[in-house]
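One structure is given below, encoded as structure tokens.
There are 2 protein chains.
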Amino acid sequence: MPTRKLEKVVSLKEIKVACQACSLNEICLPVGMGETDLDRLDSIIDRKRPLARNDHLFRIGDPFQCLYAVRSGSLKTYATSEDGQEQVMGFHLPGELVGLDAIADGRHPLAAKALETTSLCEIPFADLEALSRQLPSLQHQLLRVMSQEIRADEQNMVTLGQKSAEERLASFLISLSSRFRRRGFSENQFNLSMSRSDIGNYLGLALETVSRLFTRFQNEGLLRVDRKHIELLDRARLCMFSSAKCSSSEEPRILRPNASS
Amino acid sequence: MPTRKLEKVVSLKEIKVACQACSLNEICLPVGMGETDLDRLDSIIDRKRPLARNDHLFRIGDPFQCLYAVRSGSLKTYATSEDGQEQVMGFHLPGELVGLDAIADGRHPLAAKALETTSLCEIPFADLEALSRQLPSLQHQLLRVMSQEIRADEQNMVTLGQKSAEERLASFLISLSSRFRRRGFSENQFNLSMSRSDIGNYLGLALETVSRLFTRFQNEGLLRVDRKHIELLDRARLCMFSSAKCSSSEEPRILRPNASS
DNA sequence: AAATCTTTTTGACCTGCGTCAAGGCAGGCA
DNA sequence: TGCCTGCCTTGACGCAGGTCAAAAAGATTT
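The listed protein sequences derive, respectively, from chains A and B.
Taken in order, the first sequence gives residues 1 to 261; the numbers are from my numbering.
Taken in order, the second sequence gives residues 1001 to 1261; the numbers are from my numbering.
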């Protein structure tokens, strides 16, 4: 059955993909924008060369100039307490915006670091603000994205506030899986770009606990782990373990022509 | 001057203070707006009669039409899991906006319930969005407020993710104290409008733990508790306990002419 | 003022997970 | 090829804080 959707001509060789051609435009900032509006958004966006693993995109206290959208790869954001220990606040996949928490006072309250080779779109905030005044759909989408961020943080509070270690890791894996799926990747098989220590830190657990849980989940036939590679064998049961209403596979998903290896 | 009941005198309770005259306009949505802009914002805002204790402002899943600013009193927002147990996500004091997490998909993901008699400003979101397109300062402030919310949630993640019970409660009290101060109330003495159970739930602790900590803090001379009333005796030391850089009393504060009684 | 209900306090017990420690494994580099 | 370094796994142990239980202190109703 043919999709009623227009076929987009995507040049895979092109390094700097315009928003119009970007496979992420259905889940990124451009959601809900028309062709001509997209053009104008595209014109304020800058695409620099990719970050290498462990490069910082920005550090705590850096002046805020731009929002960033992840194009490929992944980032973690984290705070550091005065005694130098870090708290991982989030992991960011393609199509997600980073830096929204800096709007408040023009300084980044968190640092952002590449977990692997990562390319980004740089969006000067002043331009974005001005443009969104002219493009209602952009304005609306920006507010929506921020609202979603608030929601996601609320979810995290539930996870940290009242879930057991087991439930936390299960939730985390299900959430990652869904996010990969949404982006057109496999939902049952993926690579973790972050270390056990990052995961533990993010979930409020010791890395040893994370490690133990991975082996336990594997023994119970829920998944298979090999180093960074995760294969979910029983997503449904993992969902039960996470004690969350795992929105099943009904969500919109990006069509990704050559991702069905 | 004796108060007499005259036909033309509006009862105090029904006075609808315009944004221009509202003592909260320095910390609420109007921040940074000029007189005439304020007028226009004011014109879209509706002020209904107050909520009684335990009244719901909205429930989970309710369609999203309006944002609300607390004018007086306080609210809690909370989620409920399928098994019916609730997770308190936040407490909202005068000058704070509620409902920002509903913009994402037009439904409230949390319920909001009055902790005491609470009056609110109702702000139709569609109008706000339209108006903010015309008033850059309003647009900017809306984004700032949302960004602040994200930041606050990030703070909560740190609290839940890596603080001990003691540190959590200390952080909570310091944070409340600062927020009261900002609003022109005493920073060293205030009433908790929420129950121990709400506090515990919010902080990811059992209510028994909260209770024990209150008595412990009192025994250590940090504060005095009497039922709902809290008096901070040694804010500095409490700050140490919270292991957070407690921004001291240097922040802007609302002038409140007759609050010194 | 008695009766009932809710909230808070306090104690006793127990367990989930953090901490410490030691050893395994892979990848980078000489 | 072997060493080094960073990550991961596994075991042993202890404690912070959860759970259960009961009583005290308010609050609300009759």
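Built from N, CA and C at the ideal position, the CB exists for glycine as well.
Identity of the residues DSSP links to A165/A by a beta bridge: Residue pairing by DSSP places A165/A in no beta bridge whatsoever.
Integer-rounded CB distance, given that C1066/B should sit under 8 Å from P1124/B: In this structure P1124/B is in contact with C1066/B, their Cβ atoms being roughly 5 Å apart against a cut-off of 8 Å.
At a CB distance below 7 Å, what residues from the segment 147 to 170 of chain A approach chain B? Give them in sequence order. The residues in question are S147, Q148, E149, I150, R151, D153, E154, N156, M157, V158, L160, G161, Q162.
Rank S197/A, N188/A, R53/A by C-alpha distance to the C-alpha of S74/A and give the top, closest one. Minimum Cα-Cα distance from S74/A among the listed residues S197/A, N188/A, R53/A corresponds to R53/A.
CB contact check: D101/A to chain B, cutoff 8 Å: Contacts with chain B at 8 Å (Cβ-Cβ) include D101/A.
Distance between P109/A and D83/A (C-alpha atoms, nearest Å): In a straight line, the C-alpha of D83/A is about 16 Å away from that of P109/A.
Mind checking the segment 1199 to 1214 of chain B against chain A and listing, in chain order, the residues whose C-beta falls within less than 7 Å of any C-beta there? Correct list: G1204.
Residues of chain B with CB closer than 7 Å to the CB of A104/A, please, in chain order. From the beta-carbon of A104/A, the residues of chain B found nearer than 7 Å are R1144, S1147, Q1148, R1151.
Do the segment 41 to 52 of chain A and the segment 114 to 129 of chain A touch if we need at least three Cβ pairs shorter than 8 Å? The answer is yes - the segment 114 to 129 of chain A touches the segment 41 to 52 of chain A, with three or more Cβ pairs under 8 Å.
Determine the DSSP secondary structure at E208/A, reduced to helix, strand or coil. Helix at E208/A.
Tell me, please, which residues DSSP counts as bridged to N1219/B. Answer by DSSP bridge pairing: none, since N1219/B is not bridged.
Sorted by chain position, which residues of the same chain lie with C-beta nearer than 6 Å to M1001/B's C-beta, five sequence neighbours on each side aside? Low confidence applies here, because M1001/B scores a pLDDT of 45, under 50, leaving its location unreliable; read the following figure in that light. Cβ-Cβ distances below 6 Å link M1001/B to nothing in the same chain once the five nearest sequence neighbours on each side are left out.
Would you list the one or two residues that DSSP bridges to T118/A? According to DSSP, which records beta bridges pairwise, T118/A is partnered with L51/A.
F125/A, enclosing alpha helix (DSSP H) - first and last residue: It spans 125 to 134 - the alpha helix (DSSP H) in which F125/A sits, taken as one unbroken run.
Contact check, S1211/B vs R1196/B, beta carbons under 8 Å: Yes.
Can the beta-carbon of S147/A be found less than 8 Å from the beta-carbon of D1101/B? Yes, the Cβ-Cβ distance between S147/A and D1101/B is below 8 Å.
Should E208/A be labelled buried (16 or more other beta-carbon atoms within 10 Å of its own) or exposed? Exposed, since its Cβ has fewer than 16 Cβ neighbours within 10 Å.
Look at the Cβ atom of I975/B, then the Cβ atom of R1183/B, and state whether they are nearer than 8 Å. Because chain B is modelled from 1001 through 1261, residue 975/B falls outside the range shown and cannot be assessed.
Beta-carbon of Q1087/B versus every beta-carbon of chain A: anything under 8 Å? Chain A places a beta carbon closer than 8 Å to that of Q1087/B, counting this residue as a contact.
Helix, strand or coil at M1089/B [DSSP, three-state]: Looking at M1089/B - three-state DSSP - the assignment turns out to be strand.
Helix, strand or coil for E231/A per DSSP? Reduced to three states, the DSSP call for E231/A is strand.
With a threshold of 7 Å on Cβ separation, who are the neighbours of A1018/B within its own chain once the five nearest residues in sequence on each side are excluded? Hits under 7 Å: D1042.
Let me know if H92/A comes out buried or exposed under the rule of 16 or more other beta-carbons within 10 Å of its beta-carbon. H92/A counts as buried, since no fewer than 16 other beta carbons sit within 10 angstroms of its beta carbon.
Is I1254/B closer than 8 Å to F1190/B when the C-beta atoms are compared? The Cβ atoms of F1190/B and I1254/B do not sit closer than 8 Å to each other.
8 Å is my cut-off, CB to CB: does D1037/B come that close to chain A? Closer than 8 Å: no.
In angstroms, rounded to a whole number, what distance separates the CA positions of G161/A and S23/A? S23/A has its alpha-carbon roughly 36 Å from the corresponding atom of G161/A.
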